[in-house]
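For reference, each letter of the sequence shown is one residue, going 1 to 256 in full-length UniProt numbering. Yeah, the Cβ is synthetic: ideal placement off N, Cα and C, and Gly gets one too.
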Amino acid sequence: MGTNLRIFWSLVVADLKRRYTGTYLGWVWALAAPLATIGVLLFVFRYGFRSGPIDGVDFTVWLVVGLVPWFFVNDGLIAGSNAIAEYSFLVRKMHFSTEMLPIARICSSGCVHLALLAFTFLLLVAHGRTPNVYWLQLPYYIACLFLLVLGAGVLFSVVQVFVKDFQQVIIMLMQVLFWATPVVWEAKILPPQFKPLLLLNPVHYIVQGYRDTFLDGVWFFHKPHETLWFWVGTMVLFTGGMSLFSRMKHEFADVL
């Protein structure tokens with residue numbers, strides 16, 4: 001067990017180094033890229049669409065709190081889905097546990113997420129929002145986020161091995177999912193007949209959960225209907241992804 005943990009942690013660290021080694025700024029890019037995206041979106045929505053406060057919350061704060069979990073979804077799914085293909089030299093090792101690969105890549109994305117959360121805390125405090133009792137549910141939403149990305153990432157990593165073009169499908173899917181999720185727009189603008197569709201989008205549950213935690217002061221157990229839908233969908237995705245990976249992993253070396 002101890003050996004596996006050491007191997008796993010070395011994979012996480014190696015993946016972080018691999019992403020930014022050889023660049024002039026190194027790990028600074030881990031934060032620079034999402035912060036640049038935040039800056040562009042703020043410019044477009046503040047000055048292009050004249051977006052103002054949302055329910056009394058400064059638009060910058062509202063946007064950042066919603067974007068931070070989205071960055072993890074996007075980065076974690078793309079990185080996790082490509083893990084087996086990128087580390088094919090490890091897959092061919094007889095005694096190597098291939099399950100570690102997508103999980104390690106997702107965990108390395110999680111490290112970036114924690115750094116962005118630290119930035120979010122500073123932004124919230126700068127805008128007069130100090131920690132309160134609702135912040136205690138943050139670990140719950142982080143767990144939701146990790147399990148969702150892990151389940152989908154493991155599933156996608158299997159498909160990517162056998163369908164080489166699938167990485168492009170994922171990138172396109174993430175673009176569609178971003179605009180289909182109330183990250184930069186409010187869910188309440190949807191017509192009533194379309195709002196039930198948000199129950200089918202687990203990313204919306206997490207994005208809104210972060211805003212409930214930091215901005216709106218809403219407990220997750222006060223939304224039992226949405227919570228039930230999220231966990232049913234996430235557990236189906238998670239168990240399905242892990243089951244498929246377990247069945248197909250013995251064929252990876254032959255295909256790669």
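Asked	Found
Residues that DSSP places opposite I189 in a beta bridge	I189 is not bridged to any residue.
Status (buried if at least 16 other CB within 10 Å, exposed otherwise) for I189	exposed
The region 27-35 contacting the region 108-122, beta-carbon criterion three pairs below 8 Å	yes
Given W179 as reference, the closest of E99, W70, P224 once Cα atoms are compared	W70
Close-in-space but distant-in-sequence residues of the same chain around F220 (CB under 8 Å, 5 per side omitted)	Q137, Y140, Y141, G209, D212, T227
Where H222 falls, given that 16 or more other Cβ within 10 Å makes a residue buried	exposed
Bridge partners - V57, DSSP secondary structure assignment	I54
Endpoints, alpha helix (DSSP H) assigned at G217	It is not in any alpha helix (DSSP H) - G217 carries neither H nor E in the DSSP assignment.
Per-residue burial, T239 [other beta carbons within 10 Å of its own, 16 or more giving buried]	exposed
Cutoff 8 Å; reference G217; Cβ partners in own chain excluding five residues on either side	N132, Y134
Continuous alpha helix (DSSP H) stretch holding H127: start and end	Looking at the DSSP string, H127 is not in any alpha helix (DSSP H), and its letter there is neither H nor E.
Backbone secondary structure at D165 - three-state DSSP	coil
Nearest-angstrom Cα separation, counted from G241 out to W231	15 Å
Check whether F252 and V159 have beta carbons under 9 Å apart	no
Span of the alpha helix (DSSP H), counted from its first residue to its last, around V203	202-211
Buried or exposed (CB count within 10 angstroms, at least 16 for buried), G39	exposed
Pick from W62, S51, G66, R46 that is closest to H204, judged by C-alpha positions	G66
Three-way DSSP call (helix, strand, coil) for K223 in this model	coil
With 16 other Cβ atoms within 10 Å as the buried cut-off, status of P196	exposed
The region 40-59 contacting the region 74-87, beta-carbon criterion three pairs below 8 Å	no
Simplified DSSP state of N132, which is helix, strand or coil	coil
Inter-residue Cα distance where the pair is H250 and E99	11 Å
Proximity below 9 Å, CB of V149 to CB of I84	no
Pair within 9 Å by beta-carbon distance, F245 and P34	no
S10, buried or exposed, once every other Cβ within 10 Å from all chains shown has been counted against 16	exposed
Alpha carbon of P53 to alpha carbon of E86, nearest angstrom	43 Å
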